[in-house]
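Here the sequence shown is numbered in the numbering used here, starting from 1366 and rising by one per residue. What follows is a single structure, written as structure tokens, with notes after it.
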Amino acid sequence: MRILLTLLLLATIGRADTIINGRRSLVFEGQSSQLIVDLAGGSITDFHLRTQPLNPLQWGNKGEGVEPRPMGHFLCLDRWGAPSEAEQKNGMPFHGEASRVEWQITQTPKPKDGKNQGEMTATLPLAGLKVQRRIELSVRDAFFIVHEEVTNLNKLGRVFNMVQHPTIGPPFLDEHTVVDANARRGFMQNSPLPNPEEPAVVWPEARQDGQPVNLRFLTRDHNPNVVSYTLDEEYGWTTASSPAQGLLIGYLWKTSEYPWFNAWRHAENAKPAARGLEFGTTGLHQPFPILVAKGRIFGRTLYEYLDAGQTIAKRYACFLFKIPKDYKGVGRLSYAGGRLTLQEREGGPARALSMEVGGF
1366 MRILLTLLLL ATIGRADTII NGRRSLVFEG QSSQLIVDLA GGSITDFHLR TQPLNPLQWG
1426 NKGEGVEPRP MGHFLCLDRW GAPSEAEQKN GMPFHGEASR VEWQITQTPK PKDGKNQGEM
1486 TATLPLAGLK VQRRIELSVR DAFFIVHEEV TNLNKLGRVF NMVQHPTIGP PFLDEHTVVD
1546 ANARRGFMQN SPLPNPEEPA VVWPEARQDG QPVNLRFLTR DHNPNVVSYT LDEEYGWTTA
1606 SSPAQGLLIG YLWKTSEYPW FNAWRHAENA KPAARGLEFG TTGLHQPFPI LVAKGRIFGR
1666 TLYEYLDAGQ TIAKRYACFL FKIPKDYKGV GRLSYAGGRL TLQEREGGPA RALSMEVGGF
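As structure tokens, then:
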């Protein structure tokens, strides 16, 4: 009996994952925040402050069963959007396989250089790709970095896309939640092919039936529901601010790695239901035959190429800040000397939010 109890104890200690709502998860703990990854699909399902348990990435979590599915912040790989008709018949899902397969833990979270670091991996059988991910959650601050490497396991090269799909939902998301970004020129996805970039718009403006729409907000009507924008600065960024909840979530990435910002909005029963703060390698929500035929929009590529056996690496950062009830949103974000600084719209220096985050 003593031997059996010892074996059970060792098995419990050695278990890398945690069961949350019946699903295998990997939990990262910090002094300021907690981060949870759902291993059935690899989604980041929860990122919240320890002093405020509100989770901005509360989306898709209410489904039944334990099968892999997209939730919260999920990865679109090897594509963004629909497969071709032939690919769909062969089993390729919408947005690719990354959120539809099981992820395996390769390193449980361990402290290193002021961060809790953990690693996981997944193989996409139809795409012939392998993705390896390292997450580094700051021990001190509500800040984490995700490093992802994608390897082509095929004997031939191929085109692919990789889009991060952070999704915010209620109660963080409501009619007063403000989304900001340093996006520039864009177009509506519902504009007709072969030239959906006509007419062009400039963030945060979009057009619906010839009338301007401010994409900083989502109220009753989500149309146009997907609008894609280019990025001109070294770093791309987006933030979502909920003054009513006193919380802001934001993302930072290198434009050379992810040159597009894609704004998805979804309302149900005339109320905000979801917003995608998406950034990635493409801005055209179409199958590969259309992407290849189109080639570029606004001079920006619509896909990347991965040779046989080649590995590419990309990364991004995510952060949380507490904000006052009268917060107006982010007018400018800067990252220099290891410091992240957010300047409020119409706010003076005293209203700036800052965090020492180190190298990125």
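From the three backbone atoms N, C-alpha and C, an ideal C-beta is built for every residue, glycine too. All figures in this text were calculated on a predicted structure; none of them were measured in a lab.
Cross-strand partners of residue i (DSSP beta bridge)
i: ALA1678; result: GLU1514
i: GLN1529; result: LEU1440 and PHE1644
i: TRP1362; result: The structure shown does not extend to residue 1362, since the chain is modelled only from 1366 through 1725, so no value can be given for it.
i: GLY1485; result: The sequence shown places Met at residue 1485, not Gly. Answer is ILE1470 and ARG1498, bridged to MET1485.
i: ILE1385; result: ARG1388
i: TRP1424; result: In DSSP, TRP1424 forms no bridge with anything.
i: PRO1637; result: ALA1632
i: SER1464; result: In DSSP, SER1464 forms no bridge with anything.
i: PRO1476; result: ASN1481
i: TYR1670; result: VAL1524
i: GLU1721; result: ARG1704
i: GLY1406; result: Per DSSP, none; premise fails for GLY1406.
i: GLY1551; result: VAL1566 and TYR1594
i: ARG1665; result: ILE1662
i: LYS1690; result: Note: LYS1690 sits in no beta bridge, so no partner.
i: GLU1429; result: DSSP output for GLU1429 lists no bridge partner at all.
i: LEU1685; result: ILE1614
i: GLU1540; result: Answer is none; GLU1540 lacks a bridge partner.
Straight-line gap, residue i to residue j (C-alpha atoms, nearest Å)
i: LEU1414; j: GLN1423; result: 14 Å
i: PRO1490; j: ARG1499; result: 21 Å
i: LEU1369; j: VAL1431; result: With a pLDDT of 40 at LEU1369, under the threshold of 50, the predicted position of this residue should be treated as unreliable, though the coordinate-derived value follows. Between LEU1369 and VAL1431, the C-alpha separation is close to 29 Å.
i: PHE1552; j: GLY1479; result: 41 Å
i: ILE1385; j: PRO1535; result: 20 Å
i: PHE1537; j: ALA1673; result: 43 Å
i: GLY1493; j: ASP1443; result: 9 Å
i: PHE1412; j: TYR1616; result: 12 Å
i: GLU1643; j: ASN1627; result: 5 Å
i: SER1556; j: VAL1466; result: 33 Å
i: VAL1322; j: VAL1722; result: Since the first residue of the chain shown is 1366 and the last is 1725, residue 1322 is not available in this structure.
i: HIS1530; j: PRO1559; result: 25 Å
i: VAL1528; j: THR1706; result: 25 Å
i: PRO1418; j: LEU1391; result: 18 Å
i: THR1488; j: LEU1698; result: 35 Å
i: SER1607; j: LEU1400; result: 19 Å
i: SER1464; j: LEU1718; result: 33 Å
i: VAL1592; j: ILE1470; result: 35 Å
i: GLY1575; j: PRO1561; result: 15 Å
i: THR1383; j: ARG1389; result: 6 Å
i: ASN1547; j: THR1646; result: 16 Å
i: ALA1635; j: LEU1671; result: 42 Å
i: LYS1659; j: GLY1648; result: 12 Å
i: TRP1625; j: ARG1716; result: 29 Å
Same chain, Cβ closer than 8 Å to residue i, neighbours up to 5 away in sequence not counted
i: GLN1675; result: THR1516, ASN1517 and GLY1522
i: ARG1549; result: VAL1567, TRP1568, TYR1594, THR1595, LEU1596 and ASP1597
i: PRO1654; result: SER1449
i: ARG1380; result: Since pLDDT at ARG1380 reaches only 47, below the 50 mark, its modelled position is unreliable, and the value read off the structure follows with that caveat. So the list is empty, once near-sequence residues are dropped.
i: ARG1581; result: VAL1543, VAL1544, ASP1545, PRO1569 and GLY1694
i: ALA1565; result: ARG1550, GLY1551, PHE1552 and PHE1663
i: THR1371; result: With a pLDDT of 37 at THR1371, under the threshold of 50, the modelled position of this residue cannot be trusted, and the question is left open.
i: LYS1495; result: THR1486, ALA1487, THR1488, LEU1489, VAL1515, THR1516 and LEU1518
Endpoints, beta strand (DSSP E) assigned at residue i
i: GLN1417; result: No beta strand (DSSP E) holds GLN1417; DSSP gives it neither H nor E.
i: GLU1452; result: Not the beta strand (DSSP E): GLU1452 falls in the alpha helix (DSSP H), residues 1450 to 1454.
i: LEU1400; result: 1398 to 1403
i: VAL1504; result: Careful: VAL1504 lies outside any beta strand (DSSP E) and carries neither H nor E.
i: VAL1544; result: 1543 to 1546
i: SER1606; result: 1600 to 1607
i: LEU1705; result: 1704 to 1709
i: ARG1572; result: 1570 to 1573
i: ARG1434; result: Premise fails: ARG1434 is in no beta strand (DSSP E) and is neither H nor E.
i: VAL1578; result: 1576 to 1579
i: ALA1701; result: 1695 to 1701
Residues near residue i in its chain [Cβ-Cβ closer than 6 Å; skip 5 each side]
i: ARG1710; result: LYS1693, GLY1694 and GLY1696
i: HIS1512; result: ARG1499 and ARG1680
i: THR1584; result: GLU1540
i: GLN1472; result: GLY1483 and GLU1484
i: ILE1533; result: PRO1421, ALA1605 and ARG1640
i: GLN1497; result: THR1486 and GLU1514
i: ALA1609; result: HIS1541
i: ARG1630; result: LEU1583, HIS1587, ASN1590 and ARG1640
i: ILE1614; result: PRO1421, ALA1605 and LEU1685
Spatial neighbours of residue i in its chain, beta-carbon cut-off 7 Å, leaving aside the 5 residues before and after
i: THR1620; result: LEU1596, GLU1598, GLU1599, TYR1600 and GLY1601
i: ILE1510; result: GLU1501, ARG1680, ALA1682 and PHE1725
i: ALA1507; result: SER1397, SER1398, LEU1414, PHE1684 and LEU1685
i: ASP1586; result: ALA1632
i: ARG1476; result: In the sequence on display, residue 1476 carries Pro and not Arg. Same-chain partners within the cutoff: VAL1504.
i: ASN1519; result: GLY1493 and ALA1673
i: GLY1428; result: ARG1434
i: HIS1650; result: TRP1445, GLY1446, GLN1554 and VAL1591
First through last residue of the alpha helix (DSSP H) which encompasses residue i
i: LYS1619; result: Looking at the DSSP string, LYS1619 is not in any alpha helix (DSSP H); the run it does join, the beta strand (DSSP E), is 1612 to 1619.
i: ALA1658; result: 1653 to 1659
beta-carbon residue i near the ligand NAD non-hydrogen atom, thresh 7 Å
i: HIS1460; result: You won't find the ligand NAD in this model; it holds no ligand whatsoever.
Cutoff 8 Å: residue i Cβ touching any chain C Cβ
i: GLN1423; result: Protein chains in the displayed structure number just one, and chain C is not present.
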